[in-house]
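Under my numbering, residues 4 to 653 are what the sequence shown spells out, in order.
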Amino acid sequence: MSDTIHSVLIEDRLFPPPAAFQAKARLKDLAEYERMYRRSIDDPEGFWGEQAKALIPWMKPFDKVLEWKEPFAKWFLGGQTNASVVCVDQHANSWRKNKAAIIWEGEPGEVRTLTYGQLQQEVMKLANVLSSMGLQKGDRVAIYMPMVPEAAIAMLACARLGAPHNVIFGGFSSEAVRDRVNDAGCKMIITADGGYRRGQVVALKPAVDEALAKNGCPTVEHVLVVKRAGNPVQFQAGRDHWWHEAMQKAPAKHVAEPMDAEHPLFLLYTSGSTGKPKGILHTTGGYLVGTTITSRYVFDLQDDDVYFCTADVGWITGHSYIVYGPLSNGATILMYEGAPNYPDFGRFWDLVEKHRVSIFYTAPTAIRAFIRAGDHFPARADLSSLRLLGSVGEPINPEAWMWYHRVIGGERCPVVDTWWQTETGAIMISPLPGVTATVPGSATVPFFGVDPEVVKQDGTPCGPNEGGLLILKRPWPSMLRGIWGDDQRYKDTYWGKLAHRYFAGDSSKRDSRGYLWIMGRVDDVLNVSGHRLGTAEVESALVQHPWVAEAAVVGRPDEIKGQAVVAFVTLKANAKPDHDVRDTLRDHVAKVIGAIAKPDDVRLADALPKTRSGKIMRRLLKEIAAGGVPKGDTSTLEDLSVLAKLKDED
Ligand code: WTA
Numbered sequence: 004m005s006d007t008i009h010s011v012l013i014e015d016r017l018f019p020p021p022a023a024f025q026a027k028a029r030l031k032d033l034a035e036y037e038r039m040y041r042r043s044i045d046d047p048e049g050f051w052g053e054q055a056k057a058l059i060p061w062m063k064p065f066d067k068v069l070e071w072k073e074p075f076a077k078w079f080l081g082g083q084t085n086a087s088v089v090c091v092d093q094h095a096n097s098w099r100k101n102k103a104a105i106i107w108e109g110e111p112g113e114v115r116t117l118t119y120g121q122l123q124q125e126v127m128k129l130a131n132v133l134s135s136m137g138l139q140k141g142d143r144v145a146i147y148m149p150m151v152p153e154a155a156i157a158m159l160a161c162a163r164l165g166a167p168h169n170v171i172f173g174g175f176s177s178e179a180v181r182d183r184v185n186d187a188g189c190k191m192i193i194t195a196d197g198g199y200r201r202g203q204v205v206a207l208k209p210a211v212d213e214a215l216a217k218n219g220c221p222t223v224e225h226v227l228v229v230k231r232a233g234n235p236v237q238f239q240a241g242r243d244h245w246w247h248e249a250m251q252k253a254p255a256k257h258v259a260e261p262m263d264a265e266h267p268l269f270l271l272y273t274s275g276s277t278g279k280p281k282g283i284l285h286t287t288g289g290y291l292v293g294t295t296i297t298s299r300y301v302f303d304l305q306d307d308d309v310y311f312c313t314a315d316v317g318w319i320t321g322h323s324y325i326v327y328g329p330l331s332n333g334a335t336i337l338m339y340e341g342a343p344n345y346p347d348f349g350r351f352w353d354l355v356e357k358h359r360v361s362i363f364y365t366a367p368t369a370i371r372a373f374i375r376a377g378d379h380f381p382a383r384a385d386l387s388s389l390r391l392l393g394s395v396g397e398p399i400n401p402e403a404w405m406w407y408h409r410v411i412g413g414e415r416c417p418v419v420d421t422w423w424q425t426e427t428g429a430i431m432i433s434p435l436p437g438v439t440a441t442v443p444g445s446a447t448v449p450f451f452g453v454d455p456e457v458v459k460q461d462g463t464p465c466g467p468n469e470g471g472l473l474i475l476k477r478p479w480p481s482m483l484r485g486i487w488g489d490d491q492r493y494k495d496t497y498w499g500k501l502a503h504r505y506f507a508g509d510s511s512k513r514d515s516r517g518y519l520w521i522m523g524r525v526d527d528v529l530n531v532s533g534h535r536l537g538t539a540e541v542e543s544a545l546v547q548h549p550w551v552a553e554a555a556v557v558g559r560p561d562e563i564k565g566q567a568v569v570a571f572v573t574l575k576a577n578a579k580p581d582h583d584v585r586d587t588l589r590d591h592v593a594k595v596i597g598a599i600a601k602p603d604d605v606r607l608a609d610a611l612p613k614t615r616s617g618k619i620m621r622r623l624l625k626e627i628a629a630g631g632v633p634k635g636d637t638s639t640l641e642d643l644s645v646l647a648k649l650k651d652e653d
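Here it is, written out as structure tokens:
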């Protein structure tokens, strides 16, 4: 079912919470956890009502916890709050005023610290700047930034005005920017001249210019540009503005307006199995409750922690666990601009030592790359400040888990393997570090209020250790509220596969202990270095190229990246390639989508193997891509010579 990497290490030892960690954990008593979990399932509205009141400040209390008109949920009805008050003002107006909110380190090494008081100043000023440019509640704003504090400030200022942000990962191409800006109908783009990556300046503003050229994004009125890297940029008078100039003139006070709990907070585009990326919609109240409670219990966030999540704000992990969840808890976050291997593979460990990081959250891909780079990198740094490690984005193979636990965690830090999705908004399945005994490779148990099941295609439950589809049986506060502009697709994708069940797109199994193991996607979504990529997106990029007749993209297990992208391509009869076809097509995909989508392997074929009804036989292509001998029934192949031809390729 899964084509992510398979483990050779069988490790079913239980790792109970280390005693020293447990002694100081927020939640240390298994019986208390079990009581809370039971309550969250038996009386979800009672549980969430209480938690929501306790966890975030409401400007107007809610009068109803949940309205569930399947598959549309509304949480905390009647309640009003403002995400920037929850994440910033709440703390700036308290003893945390002078506590560091964001410690930022640029790739070249400079460090900036923003206290909660300073963060509030910046957010208020930017809110004034955006209003002065005509931005109003409900208007959408695209944010296309490097990892600099201004990215978080921009998100929080949009939230303050009730203008949903649409963060676009800085590695995406101008075409991807244009599609996302247009789908969301954004009125503004906040960007930067460029940022640093592996010692180079990666320019961003020119990609925005390209997206906007020839009236490419007709809804965009203003572009605000942070000066980060100093690379030359072109400005269009009236449309483009420097951030620092606008901020200088902006009043320093701004009163946040209350937003309804269901007011849209942001859109985030993510890949699905068909068509273009979809704009996942999250709203204010439920999302904040979900990210606040999970940050508090899964990461055990406490006031003396320095918390470092290595994600980019362009992904959901950056939204929920760099910005909203940790800041809502008043935590100190470390934000790092650049690459993990710049100047060498010790950078993260140097950051941990320098900033005394206590909680570290990264993806298995990074861990596997560190293993390959060698233990001398972590060995050169003092990692004694670490007390908790987290993993996200893809299944963590037991070898990587054990290395993380031993070499990075010094065997004293619990490892929380957290399963969730852009759509779930917050962590859904994860150990709670003070109470759950962990097993390498298992995401273990559902979080409060989460009721998962592993089922067969017909919806009947699987037995212990039997692989099946992962489903969730009830709504949760931070769930997506829909797909921007496409309710039908929302219904069909998530609630249409099995009646009354949220289908996650992943396969899973439950072991005899009751622990969940996530095995990988069952749809045509790849997980490349922890990033989601739709095979359909890559295929559509390939067929845009004038030489290409047909393309089929599949994943191949990859030791470091989890999955690598393999494209099978047939060329048009009249194609007269004047360059290396493989390189040209790889570069073409990078140009259309972004470097993360670049196929690792382009394989040319005379024809693609198809069933008699004309469907491309992906299973077969996956096996060919993986280098295996195709198994199973191939009698439906239209042309067996095609198979032979493909096998001979390379
Ligand atoms: C995968 C990232 C195994 C899964 C937060 C999911 C995981 C997809 C894990 C969502 C994990 C995420 N173990 N697989 N701990 N965490 N995934 O939307 O396939 O970028 O459906 O959200 O990543 O990716 P997304």
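The beta carbon of each residue, even a glycine, is placed where N, CA and C say it ideally should be.
Enumerate in chain order the residues of its own chain whose CB-to-CB distance from residue i is below 7 Å, with the five nearest sequence positions on each side excluded.
{"i": "Pro-19", "result": "Ala-440"}
{"i": "Arg-585", "result": "Val-605"}
{"i": "Asp-15", "result": "Val-442"}
{"i": "Val-595", "result": "Ser-176, Glu-178, Ala-544 and Gln-547"}
{"i": "Ala-369", "result": "Thr-313 and Pro-343"}
{"i": "Ser-5", "result": "Caution applies to Ser-5, whose pLDDT of 45 falls short of 50 and renders its modelled position unreliable; the value that the coordinates give is listed next. Excluding residues within five positions, the ones whose Cβ falls inside 7 Å are Ser-510, Met-522 and Gly-523."}
{"i": "Gln-93", "result": "Pro-60"}
{"i": "Gly-202", "result": "Tyr-345"}
{"i": "Thr-538", "result": "Asp-527, Leu-529, Val-556 and Val-557"}
Just to confirm the assignment, what range does the beta strand (DSSP E) spanning residue i have?
{"i": "Pro-267", "result": "267-273"}
{"i": "Leu-80", "result": "75-80"}
{"i": "His-591", "result": "Note, His-591: premise wrong, no beta strand (DSSP E); alpha helix (DSSP H) at 584-595."}
{"i": "Val-228", "result": "225-229"}
{"i": "Thr-421", "result": "418-421"}
According to DSSP, is residue i helix, strand or coil?
{"i": "Asn-169", "result": "strand"}
{"i": "Ser-510", "result": "strand"}
{"i": "Ala-95", "result": "helix"}
{"i": "His-285", "result": "strand"}
{"i": "Glu-397", "result": "coil"}
{"i": "Glu-153", "result": "helix"}
{"i": "Ile-336", "result": "strand"}
{"i": "Ile-325", "result": "helix"}
{"i": "Lys-575", "result": "coil"}
{"i": "Gln-491", "result": "helix"}
{"i": "Leu-391", "result": "strand"}
{"i": "Ala-206", "result": "strand"}
{"i": "Arg-29", "result": "coil"}
{"i": "Ala-264", "result": "coil"}
{"i": "Asp-212", "result": "helix"}
{"i": "Ile-430", "result": "coil"}
List the whole-angstrom C-beta distance separating residue i from residue j, where the pair is believed to meet the contact cut-off of C-beta under 8 Å.
{"i": "Ala-570", "j": "Leu-545", "result": "6 Å"}
{"i": "Pro-280", "j": "Thr-286", "result": "20 Å between Cβ atoms; not a contact."}
{"i": "Ala-76", "j": "Pro-455", "result": "The Cβ separation is near 17 Å, so there is no contact."}
{"i": "Pro-480", "j": "Gly-289", "result": "4 Å"}
{"i": "Gly-349", "j": "Ala-384", "result": "6 Å"}
{"i": "Ala-166", "j": "Leu-133", "result": "7 Å"}
{"i": "Val-180", "j": "Val-211", "result": "7 Å"}
Could you name the residues of the same chain whose beta carbon sits closer than 8 Å to that of residue i, not counting the 5 residues immediately before and after it, in chain order?
{"i": "Leu-354", "result": "Glu-108, Phe-311, Leu-337, Tyr-339 and Val-360"}
{"i": "Tyr-300", "result": "Arg-29, Leu-30, Leu-435, Phe-450 and Phe-451"}
{"i": "Ala-593", "result": "Ser-176, Ala-600 and Lys-601"}
{"i": "Asp-590", "result": "Lys-601"}
Specify, as a first and last residue, the run of the alpha helix (DSSP H) that residue i falls within.
{"i": "Leu-58", "result": "47-58"}
{"i": "Arg-622", "result": "621-628"}
{"i": "Leu-129", "result": "119-135"}
{"i": "Arg-181", "result": "177-187"}
{"i": "Asp-353", "result": "350-358"}
{"i": "Arg-371", "result": "367-376"}
{"i": "Glu-540", "result": "538-546"}
Among the residues of its own chain, which have a CB less than 6 Å from the CB of residue i, if the five just before and after it don't count?
{"i": "Gln-139", "result": "none"}
{"i": "Asp-603", "result": "Ala-567 and Val-568"}
{"i": "Ala-157", "result": "Ile-146 and Ile-193"}
{"i": "Glu-652", "result": "The pLDDT assigned to Glu-652 is 48, lower than 50, so where the model puts this residue is not dependable; a value taken from the coordinates is nonetheless given after this. Arg-606."}
{"i": "Arg-657", "result": "Since the first residue of the chain shown is 4 and the last is 653, residue 657 is not available in this structure."}
Would residue i count as contacting chain C if we go by Cβ distances under 8 Å?
{"i": "Tyr-518", "result": "The structure shown contains no chain C, having only a single protein chain."}
- Message: With a threshold of 8 Å, are at least 3 pairs of Cβ atoms found where one atom belongs to the stretch 82-89 and the other to the stretch 259-269?
- Response: Verdict: yes, contact present.
- Message: Taking 8 Å as the cut-off, does the stretch 498-511 touch the stretch 238-250 (at least 3 CB pairs, one atom from each stretch)?
- Response: Touching, no.
- Message: With three or more C-beta pairs closer than 8 Å as the rule, is the stretch 526-543 touching the stretch 482-491?
- Response: With a cut-off of 8 Å, the stretch 526-543 and the stretch 482-491 do not count as touching, because too few Cβ pairs lie within range.
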